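First comes the structure, then the notes that go with it.
Number of protein chains: 2
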Amino acid sequence: MSKQELEVIGQGADGCCDGLASAPLDDERAAQLAKVFKALGDPIRLRLLSMIASREGGEVCVCEMTPAFDLSQPTISHHLKLLRQAGLIDCERRGTWVYYWVLPGVLDQLAAFLTTPQTAGATA
Amino acid sequence: MSKQELEVIGQGADGCCDGLASAPLDDERAAQLAKVFKALGDPIRLRLLSMIASREGGEVCVCEMTPAFDLSQPTISHHLKLLRQAGLIDCERRGTWVYYWVLPGVLDQLAAFLTTPQTAGATA
DNA sequence: CCTCTATGTTGACGTTTTTCGATTCAAGGC
DNA sequence: GCCTTGAATCGAAAAACGTCAACATAGAGG
Chain A
39 MSKQELEVIG
49 QGADGCCDGL
59 ASAPLDDERA
69 AQLAKVFKAL
79 GDPIRLRLLS
89 MIASREGGEV
99 CVCEMTPAFD
109 LSQPTISHHL
119 KLLRQAGLID
129 CERRGTWVYY
139 WVLPGVLDQL
149 AAFLTTPQTA
159 GATA
Chain B
39 MSKQELEVIG
49 QGADGCCDGL
59 ASAPLDDERA
69 AQLAKVFKAL
79 GDPIRLRLLS
89 MIASREGGEV
99 CVCEMTPAFD
109 LSQPTISHHL
119 KLLRQAGLID
129 CERRGTWVYY
139 WVLPGVLDQL
149 AAFLTTPQTA
159 GATA
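If you read the sequences in order, they're chains A and B. Here the working numbering is used: position 31 in the first sequence is 69, and no number is missing along the way. Here the working numbering is used: position 22 in the second sequence is 60, and no number is missing along the way.
Here you go:
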């Protein structure tokens, strides 16, 4: 259940992401990143992710998330799957319940990608 | 031509965004943010934005962007419009040509929103 | 084994998104 | 004024998406 994420952001071993503003994105990288942003581009998924990310223990049971929305259980399950496929979260079954947590690093890498260098054109 | 952006991110005068991981997102804020992330959730738009953001002078003419893609001119125009409506870019007509630039701050605010506090649960 | 609860999956439906061709609008040059 | 060029808008077609009801699966507890 936990082997479905994409290798979303990390590219080279050189630390990684090159920032939106450092050079025009090539096609492949744009496609990778778009997949993650698309996953974030839905209010339900944003709330789910925030719900998980803001949780003290770092984990949230599906049984807690489902009733927080005015949506059917399959729909929530579907959104969680998309977040997982985007490489943002992962999950594990423990007994009857399934717990989700945020995969560390990914959000920060995304943030780094969006952050524009204070001195524009630094890399050039 | 430049009065169409959304008031996307800035909320209070208190500096603003409260970070994905600080507390569960409320419905309204999730909707606002989702709109921006949705704009970023397309490879073409990501490349357009990167093209503009990485440009030395900060401005790019549409006439330079259109031929860089294997898409029709109306399609590029459409994507630029979505980026503009998301509050990420703005444009101005100068003579025959239209120039686009990245609205400052928005990307950094988004980045700040995504950045998770190093010490998890800091706000709690 | 059977049943019950918690989740994930499937198939269908309506809505939104992406894309294009055709048209329209804006500005310059004749 | 008319024509040309650059860009936005319109209308329509195809694809992708969000949602649900129905079903399937996993584990707990008889």
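Cβ coordinates follow ideal geometry from the N, Cα and C atoms, glycine included. Just so you know, these numbers come straight off a predicted model, no measurement behind them.
8 Å Cβ cutoff met for residue i and residue j
{"i": "TYR138 (chain B)", "j": "ILE127 (chain B)", "result": "yes"}
{"i": "ASP105 (chain A)", "j": "ALA69 (chain B)", "result": "It should be pointed out that residue 105 (chain A) corresponds to Pro in this sequence rather than to Asp. The answer is no: Cβ separation not under 8 Å."}
{"i": "SER92 (chain A)", "j": "ALA150 (chain B)", "result": "no"}
{"i": "ARG122 (chain A)", "j": "LEU63 (chain B)", "result": "no"}
{"i": "LEU148 (chain A)", "j": "LEU152 (chain B)", "result": "yes"}
{"i": "LEU58 (chain B)", "j": "SER110 (chain A)", "result": "no"}
{"i": "THR134 (chain A)", "j": "LEU145 (chain B)", "result": "no"}
{"i": "LEU120 (chain B)", "j": "ARG83 (chain B)", "result": "yes"}
{"i": "ILE90 (chain A)", "j": "VAL98 (chain A)", "result": "yes"}
DSSP-derived helix/strand/coil call for residue i
{"i": "ASP108 (chain A)", "result": "coil"}
{"i": "GLU97 (chain B)", "result": "strand"}
{"i": "ALA162 (chain A)", "result": "Bear in mind that a pLDDT of 38 at ALA162 (chain A), under 50, signals an unreliable position, so the number given afterwards is only what the model happens to contain. Three-state DSSP puts ALA162 (chain A) in coil, outside helix and strand."}
{"i": "GLN42 (chain A)", "result": "For GLN42 (chain A), the predicted structure reports a pLDDT of 45, less than 50, and the residue's modelled location is therefore unreliable. A value from the coordinates is still provided. Three-state DSSP puts GLN42 (chain A) in coil, outside helix and strand."}
N-terminal and C-terminal residue of the beta strand (DSSP E) that residue i is part of
{"i": "ASP128 (chain A)", "result": "127-132"}
N-terminal and C-terminal residue of the alpha helix (DSSP H) that residue i is part of
{"i": "ALA91 (chain A)", "result": "81-91"}
{"i": "ASP146 (chain B)", "result": "144-152"}
{"i": "ALA59 (chain B)", "result": "Careful: ALA59 (chain B) lies outside any alpha helix (DSSP H) and carries neither H nor E."}
{"i": "LEU71 (chain B)", "result": "65-78"}
With three or more C-beta pairs closer than 8 Å as the rule, is the stretch 71-81 of chain A touching the stretch 74-93 of chain B? yes
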